[in-house]
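So the structure is just underneath, and the comments pick up after that.
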Amino acid sequence: MIILAFESSCDETAAAVVFHSSEGFSVKSNIVASQIETHRLYGGVVPEIASRAHTEAISRITYEALEAAGVSLSEVDLIAVTANPGLIGALLVGVNFAKALAAQNKIPLVAVDHIKGHVAAAYLTAPSPKPPFIALALSGGHTAIYRVSDYTEYEIIGTTRDDAIGESFDKIGRLIGIPYPAGRGFDELSREGFIKATGDPTDFYGKYKKSDSYKDRELSLPSPALSDGSLDFSFSGLKTAAINLLHRYEQSGRELDSALFAARYTYEATEAVAKKLSMALDKYPDCDVAVAGGVAANSHLRKRLTEVAEAKGRRIFIPPLVYCGDNAAMIAAEGYYEYIKGNLSDSSLNASALDSIV
Ligand code: KG4
Ligand code: ZN
């Protein structure tokens with residue numbers, strides 16, 4: 058089966074061609090037109106600019122994706138498109154384009170939830186997780202833990218009560234001078250900080266975790282893992298404490314070591330996710346785990362979550378970096394399962410800003 062997929066929920070316009078056979082998925086093309094440079098000027102995504110940029114890019118990247126895959130529209134068996142959640146104006150561009158293409162060429166159409174799409178990135182490479190499994194969705198807008206009982210059936214078992222993990226990296230990163238989106242720069246600066254604190258260029262995270270002597274008391278921050286026995290988080294508490302800390306330094310005229318600060322922030326965020334993953338695996342002994350979303354690209358988190366899962370004898374699936382951020386190949390993978398389930402859409406399909414998994 059040949060799937061053409063679209064993603065336009067935020068600041069990347071993406072189109073991909075993915076084949077599915079008895080051997081699994083094969084990504085033939087995966088085009089991502091990023092608007093990040095445009096939004097960087099404003100320190101975050103400007104919805105109206107995003108919609109316009111999607112409109113300008115979508116037709117071009119569709120033909121680029123088809124051409125790179127060596128496929129013509131008449132050979133496409135299925136069109137998949139992100140329909141929610143996200144910026145409504147941005148989503149509408151992809152949804153309307155996909156609807157028109159499907160209707161005009163009489164190709165079946167399926168709507169895909171963006172978060173299920175992120176999780177489906179784990180199906181694009183072998184080996185891949187088989188339901189039931191636990192999925193951690195860590196992105197700019199989501200910090201959630203799901204039990205995936207079937208490729209299309211999700212139950213939410215933990216979530217953030219306020220900010221998302223990626224959003225918190227972006228906001229704090231901006232305050233210490235990392236350009237938007239700050240995730241990757243934060244990751245690199247934290248690495249520098251861990252190495253500086255421990256003097257160990259290889260096992261820096263392990264050393265940092267093991268002994269408080271590496272942790273500057275002045276840089277103490279609260280854990281975003283709620284300690285109420287739930288699988289929930291609060292990243293706004295961590296963010297506020299970090300902002301207060303930055304203010305204290307500024308007011309007293311002391312110079313902050315931003316690498317050590319970034320490392321501490323990353324450590325608290327990572328340990329919180331590690332703790333809730335550990336609890337989730339204890340609660341669901343039949344489950345392996347998949348980690349998804351832009352923040353799944355974080356090198357410290359990838360390593361630490363792998364340790365947690367392996368210590369419990371579970372398998373962990375974290376997509377290669379190219380499939381962690383927003384892309385359309387992941388939407389094709391989830392689209393395939395929606396199609397198999399019979400969840401077809403037609404020209405009445407509408408976009409929604411809201412989550413469908415609640
Ligand atoms: O999934 P995604 O591409 O878009 C949403 O659906 O939100 O996630 C984007 C988020 C941004 O907040 C970005 O800063 C973060 O993922 N991110 C990272 C890293 N790379 C991207 N966060 C931490 N470490 C990274 N290496
Ligand atoms: Zn995303």
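My numbering numbers the first residue of the sequence shown as 58 and each following residue consecutively.
Cβ atoms here follow ideal geometry from the backbone N, Cα and C, with glycine treated the same way.
Remember, it's a predicted structure, so these values are computed and weren't measured experimentally.
*How about proline 238: is its Cβ closer than 7 angstroms to a heavy atom in the ligand KG4?*
Within the sequence shown, the letter at position 181 stands for residue 238. Within the cutoff, so yes.
*Have a look at aspartate 68 and leucine 61 and give me their C-alpha separation to the nearest angstrom.*
The sequence position of residue 68 within the sequence shown is 11, counting from 1. The sequence position of residue 61 within the sequence shown is 4, counting from 1. Near 20 angstroms, if we compare the C-alpha coordinates of leucine 61 and aspartate 68.
*From this set, Val176, Asp134 and Ala137, which residue's C-alpha is nearest valine 346's C-alpha?*
The sequence position of residue 346 within the sequence shown is 289, counting from 1. Among Val176, Asp134 and Ala137, the Cα nearest to that of valine 346 is on Val176.
*For the ligand ZN, enumerate in chain order all residues having a CB closer than 5 angstroms to any of its heavy atoms.*
Ser196 and Asp383
*Can you give the Cα-Cα distance for glycine 351 and lysine 156, rounded to whole angstroms?*
Counting from one through the sequence shown, the residue named residue 351 turns up at place 294. Counting from one through the sequence shown, the residue named residue 156 turns up at place 99. Cα-Cα distance, rounded: 27 angstroms.
*asked:* Between aspartate 273 and the ligand KG4, is there a pair consisting of the residue's CB and a ligand heavy atom that are separated by less than 7 angstroms?
replied: Reading the sequence shown from its first residue, position 216 is the one you call residue 273. No, since every heavy atom of the ligand KG4 falls outside the 7 angstroms radius drawn around the Cβ of aspartate 273.
_Rounded straight-line distance, which links the Cα of asparagine 407 to that of glutamate 113_ = As a working note, residue 113 is residue 56 in the sequence shown. As a working note, residue 407 is residue 350 in the sequence shown. C-alpha separation (whole angstroms): 20 angstroms.
*Considering only residues of the stretch 289 to 367, which uninterrupted alpha helix (DSSP H) runs meet the minimum length of 4 residues and lie entirely inside it, listed in chain order?*
292 to 309 and 315 to 340
*Output the distance between the C-alpha atoms of threonine 95 and glycine 101, rounded to the nearest integer angstrom.*
As a working mapping, residue 95 is identified with position 38 in the sequence shown. As a working mapping, residue 101 is identified with position 44 in the sequence shown. So the two alpha carbons sit approximately 9 angstroms from each other.
*Check whether the Cβ atoms of isoleucine 414 and tyrosine 203 sit closer than 8 angstroms, and answer yes or no.*
Sequence index remark: in the sequence shown, residue 414 carries index 357 (1-based). Sequence index remark: in the sequence shown, residue 203 carries index 146 (1-based). Yes.
*asked:* Is any non-hydrogen atom of the ligand KG4 found closer than 7 angstroms to the C-beta of cysteine 67, if you look at the structure I gave you?
replied: Your numbering for residue 67 matches position 10 in the sequence shown. Cysteine 67 Cβ: within cutoff of the ligand KG4.
_Buried or exposed (CB count within 10 angstroms, at least 16 for buried), lysine 85_ = The count along the sequence shown starts at 1 and reaches residue 85 at position 28. Buried is the label assigned to lysine 85, since at least 16 other Cβ atoms lie within 10 Å of its Cβ.
*Of the choices Ser225, Phe190, Tyr322 and Ile233, whose alpha-carbon is the least far from that of isoleucine 213?*
Numbered from its first residue, the sequence shown carries residue 213 at position 156. Nearest option by C-alpha distance: Phe190.
_Assigned secondary structure, glutamate 80 (DSSP; H/G/I helix, E/B strand, else coil)_ = As a position in the sequence shown, residue 80 is number 23, starting the count at 1. Note: glutamate 80 maps to coil in three-state DSSP.
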